[in-house]
Every structure is written in structure tokens, then in C-alpha cells.
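The next block holds one structure in the form of C-alpha cells; read it before the comments.
Residue numbers (my numbering): 29 to 256.
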């Protein structure tokens, strides 16, 4: 039973972030878990996510293993501030920053060439990374403490994403050390994924930001996938 907003199950801990005490304790524990190379389940503006330090290759491998996923499907990276896009992808085109200013925090994942000198290994990226700033205050607060987090939906591959942190724990178990519970996810529309590393730019996944809006800024935008 939760005590003081915390539910301890020996190897994993679930924090009820709907209470002030639970949120404070959960964020502190989550930041410590990330710094120690562990995994965290957290709320986002779409579904719950499973996160690892983007600059810890062993932690990212653990994330992929927890999901039952290989290197061919690298996770996107969440950031806490739009300015971090320039640090991760200094060669990103100016339109990437214009789109981030317009749609972040929110439902747009921008795929850009990442800096070749970055000390990370998030999978077989082909030199690119998907970057997004989520519209969730709990996760943004954590990101400001930890820096960029490699993040994927909190579920085993092939199983529906969890609607709560407790539901994610049922799937992922002790592969994750810290779970941040914020109640049922809204089940919102997935983020739109826009590939700006290609020429012309490509819409990889339709989602929260309508393609028609993007075409107003990117007249040469092409579709590779028409539905999320």
C-alpha cells in the first residue's frame, strides 16, 4: 500500500506524483536513478514513457532490453529546453529551430543530424536523432535536472502502451527502478515525426501537429507514412 505517496515493491518504487510529497520524493529518486544508470517510467503529454540517460550507453541498452527491442529501433530523445536542440544538433537547419520555437513543448518530434562528437550510443541512428520537448510539467522538471533522456513508450514491444505507471510496472517489472505515477494518461495523439535530415523533408508519422500546418512552413514536405 502507498505510504506517504510512495509504494515500495522491494526492487522498484512507485511514487504518487499527484501529491506534493510524492512528487518531490519521486523527482529526487528519478534523478538519482538516471544518474546511477537506471531506468525511470514517467508521464508525458501522450503516453507513459520509459527513460534512460541518453549519454549512458549501458542504460540505453537496458531500456531497449526492457522493451524487447533491438538497436535497429533507437529511441527518440526528450529535452527540457528548446535551446538543447542546438547542443545535440548544431547542424540542424534554421527551420528546425523555428519549428521548435513554435511547437515546443508539445507534439512535434524533429529528426535532425546529431553532432558526430556526442558521447552516446542510442542505437543504429544513421547519424540522426529524433528530439522533442514534452508538454508535461513533471517530466520537464526531471529533464531540467538530468539533461536529455532517451525515451520510448513504457511497454513491451507488441503490447499496448501503459495508461498508468502502475500498468507500466505490470509490463516492465524490476527492469525499471523508479516509476512516477501521475494518473491515467490522456491517451492523446502521438507526436508528429518530421524528418529534417532528409532533402526534401519527410513526414514520417502523422500526429498532434497537422501536416497541413507543416506544409505552410515546408512547401516541399513529402509523406512517407500517412497515419500514426
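The beta carbon of each residue, even a glycine, is placed where N, CA and C say it ideally should be.
Predicted model, so just to flag it, every value in this text is computed and none were measured.
Legend entry - DSSP state of residue 171 mapped onto helix, strand, coil: Looking at residue 171 - three-state DSSP - the assignment turns out to be helix.
Legend entry - Contacting residues, own chain, Cβ-Cβ under 7 Å from residue 178 (five flanking each side not counted): Cβ neighbours of residue 178 beyond the five flanking positions: 79, 80, 82, 88, 91, 103, 105 and 150.
Legend entry - Validate contact between the stretch 186-200 and the stretch 158-178 using beta carbons, cut 8 Å, 3 pairs: Counting Cβ pairs under 8 Å, fewer than three are found: no touch.
Inset, instruction - Measure from the alpha carbon of residue 220 to the alpha carbon of each residue in 144, 73, 174 and 194, then state which is nearest. - result: For residue 220, the nearest C-alpha among the options comes from 73.
Inset, instruction - Can you tell me which of the three DSSP states residue 110 falls into? - result: Coil, per DSSP.
Inset, instruction - Kindly indicate which residue of 114, 56, 47 and 48 has the alpha-carbon position closest to the one of residue 205. - result: Restricting attention to 114, 56, 47 and 48, the CA atom closest to the CA of residue 205 is found in 56.
Inset, instruction - Please look up how many angstroms separate the CB atoms of residue 250 and residue 230, rounded, as I've assumed it's under 8 Å. - result: Correct: roughly 5 Å between the Cβ atoms.
Legend entry - N- and C-terminal bounds of the alpha helix (DSSP H) containing residue 187: Per DSSP, residue 187 belongs to no alpha helix (DSSP H) and is neither H nor E.
Inset, instruction - Could you round the C-beta distance between residue 212 and residue 200 to whole angstroms and report it? I think they count as a contact, below 8 Å. - result: No, residue 212 and residue 200 are not in contact; Cβ-Cβ is about 17 Å, not under 8 Å.
Legend entry - Secondary structure of residue 239, DSSP reduced to three states: Residue 239 carries a helical assignment under DSSP once its states are collapsed to helix, strand and coil.
Inset, instruction - Please confirm if residue 45 has its CB atom under 8 Å from at least one CB of chain B. - result: Note that chain B does not occur in the displayed structure, where there is just one protein chain.
Inset, instruction - Could you say which of 77, 244 and 252 lies nearest to residue 130 if we only look at CA atoms? - result: Distance from the Cα of residue 130 is smallest, within the candidate group 77, 244 and 252, for 244.
Legend entry - Inter-residue spacing [alpha-carbon to alpha-carbon] between residue 224 and residue 186: Taking the straight line from one Cα to the other gives about 28 Å.
Legend entry - 7 Å Cβ shell around residue 237 - same chain, five flanking residues per side excluded: Same-chain partners within the cutoff: 131, 135, 136 and 220.
Legend entry - For residue 108 and residue 184, believed in contact at Cβ under 8 Å, the rounded distance: That belief does not hold up - the Cβ atoms of residue 184 and residue 108 are roughly 27 Å apart, past 8 Å.
Inset, instruction - Return the first residue and the last residue of the beta strand (DSSP E) that residue 141 is part of. - result: 136-141 is the extent of the beta strand (DSSP E) around residue 141.
Inset, instruction - Can you give me the start and stop residues for the alpha helix (DSSP H) that residue 57 sits inside? - result: Annotation: the continuous alpha helix (DSSP H) that includes residue 57 extends over 48-63.
Legend entry - Backbone CA spacing between residue 127 and residue 116 [nearest angstrom]: Distance between the alpha carbons of residue 127 and residue 116: 16 Å.
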